[in-house]
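One structure is given here, and the rest of the page talks about it.
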């Protein structure tokens with residue numbers, strides 16, 4: 002797709018998806034008003050503990066959300082050129098650099114980000130560390146980083162016990178380190194902002210997050226067992242992810258409940274965006290923000306529905322935590338978060354489990370060049386009996402995306418590999434009724 006080509010829009014039909022998008026615009030306008038009045042604003046990476054900021058009423062923008070806005074507005078190519086002009090690499094961590102690049106644009110989406118005072122992120126690699134150090138150097142934001150740790154021993158079926166046994170699963174040293182880092186961040190924010198970290202308020206935030214993800218789990222499970230699927234990922238991504246960036250609020254909890262109720266009502270009535278569903282697909286990787294309409298073409302042509310994305314899946318399995326010490330429990334939520342969606346064997350076995358649970362007939366894996374473990378993810382899904390097509394792309398970089406070429410690749414994959422699997426699945430399910 003050339004940069005001059007307008008990306009295809011998705012056809013989200015759920016009221017919750019439309020309501021979430023409207024809410025996000027109102028919220029962003031209010032955030033900019035708060036910033037203009039003197040409130041400090043943080044930029045937070047998706048795998049960083051935003052709940053601390055929520056409890057302290059420090060407004061924040063999620064780096065990956067803003068990147069998705071920039072990509073959807075077809076800005077990615079221009080922004081990566083802006084980085085290159087300033088001596089930054091334009092071919093590494095593109096998705097994570099668009100927010101910084103947008104600050105060099107005279108006409109950014111939605112009027113642009115407000116001034117950023119703090120950046121919170123886990124340092125999953127040397128490149129990502131440099132990205133957030135650049136925020137400090139270029140924009141004067143204080144970078145508050147969390148170390149990336151690795152487990153010596155792993156239980157690949159982590160989803161069975163992580164809610165309550167997270168310390169044993171992740172390991173005491175990793176939890177100890179992140180708890181200490183969280184304590185340091187709280188102290189820094191208290192000194193820098195004059196605000197006080199209130200544990201009771203923090204407990205309320207943590208409880209609201211658990212409630213929100215419980216509704217997401219119910220929705221995930223309902224979609225998994227429903228034929229035809231009551232929603233596609235064009236609906237579920239905005240309905241899940243926008244509330245996810247507002248975790249710890251009553252609005253986000255209620256939005257997740259509304260999404261579940263809409264899915265439930267559709268399933269009970271047999272309503273579906275693709276009543277003639279013949280093939281169920283999963284999308285492995287981050288959202289294709291600059292071409293969200295890509296997913297819809299296949300259901301219209303083949304009855305092939307993308308029923309699964311990692312956003313609802315990880316909301317269902319990756320966030321819920323119970324514990325007496327709320328700060329340590331928050332460490333239990335994030336100390337191993339990248340392991341769940343990126344690092345084998347946790348990530349690879351989880352994707353395979355989700356493929357089986359959601360009864361998919363094929364997986365399309367958009368693998369970025371800097372993501373480790375692609376091979377192991379593909380191998381695990383294939384071992385579960387689900388064929389995989391790996392395509393190359395980056396959610397934050399439309400420069401090399403050729404929608405016609407990729408569409409043809411996926412079409413051939415559906416015809417030759419997913420269709421026979423779907424036929425066998427439907428036969429099995431028919432015989433078991």
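Numbering (the working numbering), first residue to last: 2 to 434. Glycine included, C-beta positions come from ideal geometry on N, C-alpha and C. Note that the structure is predicted; figures quoted are calculated from it, not measured.
Provide the residue(s) that pair with residue i in DSSP beta bridges, ordered along the chain.
i, result
"residue 123", "147"
"residue 363", "282"
"residue 67", "Residue 67 is not bridged to any residue."
"residue 1", "This structure cannot speak to residue 1, because the chain is shown only from 2 to 434."
"residue 398", "395"
"residue 61", "43"
"residue 305", "280"
"residue 368", "393"
Near residue i, what residues of its chain come up, given a Cβ to Cβ distance below 7 Å and the 5 sequence neighbours on each side ignored?
i, result
"residue 21", "239, 240, 243, 244 and 256"
"residue 191", "197 and 198"
"residue 389", "364, 366, 379, 382 and 383"
"residue 320", "210, 214 and 334"
Keeping to the same chain, check which residues put their C-beta closer than 8 Å to that of residue i; ignore five residues upstream and five downstream.
i, result
"residue 223", "231, 261, 264, 265 and 268"
"residue 2", "Its pLDDT being 35, under 50, residue 2 is placed unreliably by the model, and nothing is read from it."
"residue 347", "155, 157, 159, 337, 340 and 341"
So residue i is in the beta strand (DSSP E); what residue range does that whole segment cover?
i, result
"residue 393", "389-393"
For the alpha helix (DSSP H) that residue i lies in, which residues bound it at each end?
i, result
"residue 28", "16-37"
"residue 178", "173-194"
"residue 245", "234-245"
"residue 320", "Taken as a continuous stretch (DSSP letters only), residue 320 belongs to no alpha helix (DSSP H), as it is neither H nor E."
"residue 351", "347-358"
"residue 164", "Careful: residue 164 lies outside any alpha helix (DSSP H) and carries neither H nor E."
"residue 413", "404-414"
To the nearest angstrom, how far is the alpha carbon of residue i from that of residue j?
i, j, result
"residue 431", "residue 227", "14 Å"
"residue 345", "residue 380", "11 Å"
"residue 201", "residue 75", "43 Å"
"residue 438", "residue 364", "Lying before the first or after the last residue shown, residue 438 is absent from the chain, which here runs from 2 to 434."
"residue 6", "residue 135", "Note that residue 6 has pLDDT 39, beneath the 50 cutoff, so the model's placement of it is unreliable and no number is given."
"residue 259", "residue 102", "35 Å"
"residue 15", "residue 309", "16 Å"
"residue 61", "residue 43", "4 Å"
"residue 322", "residue 207", "8 Å"
"residue 275", "residue 176", "45 Å"
Less than 8 Å separating the beta-carbons of residue i and residue j?
i, j, result
"residue 233", "residue 296", "yes"
"residue 411", "residue 387", "no"
"residue 392", "residue 353", "no"
"residue 203", "residue 336", "no"
"residue 123", "residue 147", "yes"
"residue 179", "residue 423", "no"
"residue 280", "residue 304", "yes"
"residue 72", "residue 99", "yes"
"residue 229", "residue 273", "yes"
"residue 299", "residue 415", "yes"
By Cβ distance below 6 Å, which residues in the same chain neighbour residue i in space, the five residues on each side in sequence not counted?
i, result
"residue 237", "313"
"residue 317", "217, 218 and 221"
"residue 160", "318"
"residue 324", "330"
Quick check on residue i - is its C-beta less than 8 Å from some C-beta in chain B?
i, result
"residue 139", "No chain B is present in this structure, which holds just one protein chain."
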